Structures are given as C-alpha cells and as structure tokens.
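Chemist:
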C-alpha cells in the first residue's frame, strides 16, 4: 500500500533498529534522507543502508538547521508536496530520522503537512538518552522521580535552574553552551552524577570522564548529558 | 561469554524489539521472567516467546509490586544471588522488562546488586510513551519545549501542578488516580490535547476518545496519558 512512513532509526548502532523498522525499510520504493548541511554525510543513512532494497531511490534533501518553525516552513512545504506526489503515484515513501521521530525531530514538521493528506505511518526509535543509559548501565529515573528531558537552547541560568530543581535530567542540544554547562555542573558538584557522551554507538563515540579537562572547542552536535543524582558513577 | 543481560522488550508488539534484543534472546541459556502477582501471565514473556531457543530454561520470579526499595530488597537480594550463581556456572542469563529497562523498571534494583559482581549488559527498549506517540502520529515534544515524564504516585494536586506548569508531559502510573486525573484534565480543558491509551500494541489495547464518559472502575495498570498542548487532536 502506498504510504508515507517516518522511521526512527535510533542513535547510531544499526542493531538498535526495531524489527518493524527493518521490515518497513525493506519495502520502501523511495527514501527521503535529511541533510542538515548542504554537503556532508547523512548519519541516518549510514544506520539503515544495510537494510534497503537494491533498486530503492534515495533522495537526499536539505533541511536548514534552524530553530524557528516559520523559517523552516518553505523547505518543509516543498518537500511535503514532492512526497505527496510520489504517494499519489503509488509509491511507498520513507523518511529516516535519528533517535525517536516524535522527540525534537524535523519529521514532526513533515507530519504536520502530510498527516491528513496521505496515509502516514510513524515507527518509534530508541532515543539517544535511552541507549546511553543502558549502554553505560546507568538508570535514567527510578521509583517516583520524574524525568526531565530538556533541550539546552536557552540561557545557562535557565539550564542551571532545571538542573537544580530536578533529580533525573537529560540535557539535549548541549553543544552550543557546552563549556558553560560543564562549569555549572562542576560548581554544583554534579560531575560524579553526570554521564557525558558524544556520538553514542558510532565509530567516533566519546564517553567523557568526569575528571576530563573539557577543553573541547568543538563538541559534537550529537552530545547528550544524563544526570541522575541518586546514582554515583 | 557468560553474562547477565537486561533486555528492554518494548511496550507489547514483538516487532518493536530491537535487532540487538532478538540476537541476545536467541543466545540465552536461562531467562528470568518477572511476575508482579504470584499467579498471572507475564506480559514480557508473551512479547519474546517467539524468539527464544527451544531448550532455554525459563525461571518465573515473583517481584512484589511495592514502591519502597527497602521492602523490595529481600526479594531482589535472593534473586540476585541466584543469578550470580548461574553466571559463575558459565550460563548466559537474561532478564526481560517491559518498555525501557532504565526507566522505572524493577531491573534497576537487580542492576544495583549485580553490576560490580558479574558482567552485566543492558539493552534499551522502546518506551510505551514513544510507541504510543508514533502509533497515533502525535509528537511528544518539539523545538525548545522540554518533555516532563511524571510517574503519578503522589497527590492529585502535585499532578495538577505538573500539568499546568509544562506543555509536553507524559503521565505514567495513572491507574491509581485515573478518575481524578481525567476530571482535572477536563477542568483545565486539556482533553483535546491528551492521548489516553491502555495496553498499547497488545490484544487488549484501548485508545480512549476525549469525549468518553470514563466510568472505568478498573483501568489497566498499563495506561499512559500523553499531553502536548501545542498539538490539537
């Protein structure tokens, strides 16, 4: 059946794909691959390329890396119309997204355009924080403790308040203010309760030790910090 | 290699297992299956039973359904010592857990006992809220909005504050105060922004409509509410 399928591909290790995702990938006629930069490799494509059928059409598409939905809108609209055309021609069209498609993904904007226009199916993926916590044998949250998942786009004061107000926290998009965040965690003696990981499950994975000097001028975009104050490293 | 493997099996649909989980399941000598009640079926076992080797030893274990870690402790210690024994005899021992092992799972208590005593590997699983959001084509959180994952064990006033203070919320363990939570969501006109789902991906799945009367005396233990104030149903 012709439909649009958004597929969460997990954080990097192809074995973290679900059986459902692999089955869907193998049945696609067209795969839309998002690129954040005009030139560059697609991390998402690397994860799935072993599971695609040979004659699949791979369509790389550029999505501007901007926060503002209005700014993204023209690109989303153009790509959505193209996808709609392929669906109406009877194709099965997939879109791959790192991690989980329903959490901070560009896929959400495509979904808004396409949901009531063509058949849409979305398949969940393992979120980076979940893979890191399991991979490093460290709980995200236990018992009655809430888990606060926080994208660090705002001011460091706001990030500090979140870190002080909660016991179990996932800090996402930390690359913009990485040095300030590490300094803040040190000030509050939270480094022994923090996991800091870049590119989890990929060839260039880095797990930072709390005692590292963190003179990292360019920290990877794919860096996550997990804090669990109830768990000593 | 002899080791203890904690496996997140996702919320119910066996196809939401990861490739890594399936591979691990197929190599197990012994599988520890947790039961919340002394008699009853194991939801986790139903998910994985198609992927086990024929001569695997399945060991059902009762874990008391209590919140208090101290109360759970004797049961955890006994089972941990038994697991340690099997590992020392050279067996590969698995433990299955619904959803993700690092989020509100009994597995975390076993991990605390066993981590520095035997080799431990943990495999992440799709969390129920992630599967529900994708399955119903509804984002969990977008852009700069934090996601607050909240286990509803406390008072309704505390749950109400969480719901009013945040835009994207997952309410877990809602079964104890289900009617009060629904009444509170209605009071704040939040029903059109709420997904209410029981037993997602299982035979007895129920997706509640916002206009339902909710005269459900016994709501399932596996019920989740996802609220996204930026998304109209």
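Protein chains in written order, with full-length UniProt numbering: chain A, 1 to 233; chain B, 1 to 233. Even glycine gets a Cβ: it sits at the ideal position worked out from N, Cα and C. Note that this is a predicted model, so its numbers are computed, not measured.
In three-state DSSP terms, what is residue 162/A?
Modeler: As a position in the first chain, residue 162/A is number 162, starting the count at 1. Helix at residue 162/A.
Chemist: Within 10 Å of its beta-carbon, does residue 88/A have 16 or more other beta-carbons around it, so buried, or fewer, so exposed?
Modeler: By 1-based counting over the first chain, the position of residue 88/A is 88. That one is exposed.
Chemist: Let me check understanding here. Comparing Cα to Cα, which of 119/B, 120/B and 134/B lies closest to residue 126/B?
Modeler: What you label residue 126/B is simply residue 126 of the second chain in a count that begins at 1. Closest option to residue 126/B, Cα to Cα, is 134/B.
Chemist: Between 62/A, 95/A and 203/A, which has its C-alpha nearest residue 28/A's C-alpha?
Modeler: The residue given as residue 28/A occupies position 28 in the first chain. Closest by alpha carbon: 95/A.
Chemist: Under 8 Å by Cβ, that's how I've got residue 221/A and residue 175/A pegged, so tell me the actual separation to the nearest angstrom.
Modeler: Translated into positions along the first chain, residue 221/A becomes position 221. Translated into positions along the first chain, residue 175/A becomes position 175. Rounded, the Cβ-Cβ distance is 5 Å, consistent with contact.
Chemist: Check residue 121/B in the structure and name its three-state DSSP category.
Modeler: In the second chain, the residue the question calls residue 121/B occupies position 121. The answer is strand: DSSP assigns residue 121/B an E or B state.
Chemist: Relative to the alpha-carbon of residue 121/B, which residue among 101/B, 199/B and 139/B has its alpha-carbon at the smallest distance?
Modeler: Locating residue 121/B in the second chain gives position 121, counting from the first residue. When each option's Cα is compared against that of residue 121/B, the closest is 101/B.
Chemist: Are three or more beta carbon pairs between the segment 76 to 85 of chain B and the segment 102 to 115 of chain B nearer than 8 Å?
Modeler: The segment 76 to 85 of chain B vs the segment 102 to 115 of chain B: in contact.
Chemist: Determine which residues share a DSSP beta bridge with residue 198/A and list them.
Modeler: As a working mapping, residue 198/A is identified with position 198 in the first chain. Answer is 206/A and 223/A.
Chemist: Taking contact to mean at least 3 C-beta pairs separated by less than 8 Å, is the segment 8 to 27 of chain A in contact with the segment 198 to 213 of chain A?
Modeler: Result yes; three or more Cβ-Cβ pairs closer than 8 Å.
Chemist: At what residue ranges does the segment 9 to 73 of chain B contain a whole run of the beta strand (DSSP E), taking only runs of 3 or more?
Modeler: Counting whole runs of 3 or more residues, the segment 9 to 73 of chain B contains the beta strand (DSSP E) stretches 30 to 35 and 57 to 62.
Chemist: For a cutoff of 8 Å on Cβ pairs, would you count residue 143/B as touching chain A?
Modeler: As a working note, residue 143/B is residue 143 in the second chain. Interface residue, yes.
Chemist: Compare the C-beta of residue 95/A against all C-beta atoms of chain B and say whether one is closer than 8 Å.
Modeler: Reading the first chain from its first residue, position 95 is the one you call residue 95/A. So, not an interface residue.
Chemist: Is there contact between the segment 45 to 54 of chain B and the segment 41 to 52 of chain A, where contact requires at least three CB pairs shorter than 8 Å?
Modeler: No, the segment 45 to 54 of chain B does not touch the segment 41 to 52 of chain A.
Chemist: Which same chain residues end up closer than 7 Å to residue 98/B when comparing Cβ atoms and leaving out the 5 residues on each side of it in sequence?
Modeler: As a working note, residue 98/B is residue 98 in the second chain. Contacts found: 9, 11, 43 and 44.
Chemist: What residues in its chain sit with their C-beta under 8 Å from that of residue 181/A, if we drop five residues either side in the sequence?
Modeler: If you number the first chain from 1, residue 181/A lands on position 181. 152, 156, 159, 171, 174 and 225, listed in sequence order.
Chemist: From what residue to what residue does the beta strand (DSSP E) around residue 149/B run?
Modeler: The count along the second chain starts at 1 and reaches residue 149/B at position 149. Start and end: 147 to 151.
Chemist: At a Cβ cut of 9 Å, what residues of the segment 109 to 120 of chain B count as close to chain A, listed as they run along the chain?
Modeler: For the segment 109 to 120 of chain B, which is checked against every Cβ of chain A, the residues closer than 9 Å are 109, 111, 112, 115 and 120.
Chemist: So, are the CB atoms of residue 234/B and residue 146/B less than 8 Å apart?
Modeler: Because chain B is modelled from 1 through 233, residue 234/B falls outside the range shown and cannot be assessed.
Chemist: Could you name the residues of chain B that residue 22/A contacts, counting a contact when the two beta carbons are closer than 8 Å?
Modeler: Indexing the first chain from 1 puts residue 22/A at position 22. In chain order: 19.
Chemist: Can you grab the Cα-Cα spacing for the pair residue 212/B / residue 187/A, in whole Å?
Modeler: Within the second chain, numbered from 1, the residue matching residue 212/B stands at position 212. Within the first chain, numbered from 1, the residue matching residue 187/A stands at position 187. If you take the alpha carbons of residue 212/B and residue 187/A, they lie about 50 Å apart.
Chemist: Going straight from the alpha carbon of residue 136/A to that of residue 4/B, what length do you get?
Modeler: Numbered from 1 along the first chain, position 136 holds the residue referred to as residue 136/A. Numbered from 1 along the second chain, position 4 holds the residue referred to as residue 4/B. The alpha-carbon atoms of residue 136/A and residue 4/B are separated by roughly 14 Å.
Chemist: According to DSSP, simplified to helix, strand and coil, what is residue 127/B?
Modeler: Position 127 of the second chain, counted from the first residue, corresponds to residue 127/B. Of the three classes helix, strand and coil, the one that applies to residue 127/B here is coil, per DSSP.
Chemist: Per DSSP, which residues does residue 141/A bridge with? Please list them.
Modeler: For the purposes of this step, residue 141/A is taken as residue 141 along the first chain, with counting starting at 1. In the DSSP output, where bridge partners are listed per residue, residue 141/A has 103/B.
Chemist: Taking Cβ-Cβ distances shorter than 7 Å, what residues in chain B pair up with residue 148/A?
Modeler: Taking the first residue of the first chain as position 1, residue 148/A is located at position 148. By Cβ distance, chain B contributes 146 and 148.
Chemist: Alpha carbon to alpha carbon, how far is residue 85/A from residue 185/A? Give it in angstroms, no decimals.
Modeler: For the purposes of this step, residue 185/A is taken as the residue at position 185 of the first chain. For the purposes of this step, residue 85/A is taken as the residue at position 85 of the first chain. Going from the Cα of residue 185/A to the Cα of residue 85/A covers about 49 Å.
Chemist: Between which two residues does the beta strand (DSSP E) harbouring residue 178/A extend?
Modeler: Within the first chain, numbered from 1, the residue matching residue 178/A stands at position 178. Premise fails: residue 178/A lies in the alpha helix (DSSP H), 178 to 187, not in any beta strand (DSSP E).
Chemist: Following the continuous beta strand (DSSP E) through residue 94/A, name the residue where it begins and the one where it ends.
Modeler: Taking the first chain and counting its residues from 1, the one referred to as residue 94/A is at position 94. Residue 94/A -> beta strand (DSSP E) spans 93 to 97.
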